[in-house]
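These notes concern the structure reproduced below.
The structure is reproduced here in structure tokens:
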């Protein structure tokens, strides 16, 4: 679920792009995001994918059943596209047509990934309290 939807109830095409990115990473890794938990690092599948990508070890994310199938370059491309789709802020994610183009063509230079901020650290951009109201916390 896209952070902006979970935290603020805002839904858009970019929320679908986020969900597609999660699905793409699940397919490449052979692991479900909802059942993934890395005890060593206490991260989700997405956090694990980001950590491997930033450490230049993204090949470790690829499912063991396909890692030696000769399509490692394609799998790294799919990981890159998946991570582009799960950028924290919707404005940083590609639109659906760009995702399709990145997956079906030989674009040599994919967009750079923004600095990682793990989903669990998401902070809403706007207050959930309507203007003119006072928020009371206990």
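Residue numbers (the working numbering): 197 to 334. Using N, Cα and C, we set each Cβ at its ideal position, and we do this for glycine too. Bear in mind the structure is a predicted one, so any value in this text is a computation, not a measurement.
Residue i and residue j closer than 8 Å at C-beta
i, j, result
"residue 310", "residue 288", "yes"
"residue 229", "residue 213", "no"
Close beta carbons around residue i, own chain, < 7 Å, minus the five adjacent residues each side
i, result
"residue 227", "241"
"residue 299", "277"
"residue 316", "Bear in mind that the predicted position of residue 316 carries a pLDDT of just 44, short of 50, making it unreliable; the figure below should be weighed with that in mind. Cβ neighbours of residue 316 beyond the five flanking positions: none."
DSSP-derived helix/strand/coil call for residue i
i, result
"residue 282", "coil"
"residue 309", "coil"
"residue 265", "coil"
"residue 258", "coil"
"residue 217", "helix"
"residue 209", "helix"
"residue 253", "coil"
"residue 289", "coil"
"residue 273", "helix"
Contacts around residue i, its chain only, beta-carbon distance under 6 Å, and the 5 residues preceding and following it disregarded
i, result
"residue 290", "280"
"residue 210", "286, 289"
"residue 328", "In this predicted model, residue 328 has a pLDDT of only 45, less than 50, meaning its place in the structure is not dependable; the value taken from the coordinates is given anyway. Cβ neighbours of residue 328 beyond the five flanking positions: none."
"residue 263", "none"
Alpha helix (DSSP H) segment containing residue i, residue limits
i, result
"residue 250", "241–250"
"residue 293", "292–300"
Cβ separation of residue i and residue j, assumed to be a contact under 8 Å, to the nearest whole Å
i, j, result
"residue 294", "residue 275", "Incorrect: roughly 17 Å between the Cβ atoms, too far for contact."
Cutoff 8 Å; reference residue i; Cβ partners in own chain excluding five residues on either side
i, result
"residue 268", "255, 258"
"residue 152", "This structure cannot settle anything about residue 152, because the visible part of the chain is limited to 197 through 334."
"residue 306", "273, 276, 277, 280, 298"
Contact test: residue i Cβ vs the ligand NAP heavy atom, cutoff 7 Å
i, result
"residue 291", "Among the components of this structure there are no ligands whatsoever, and the ligand NAP is therefore not found."
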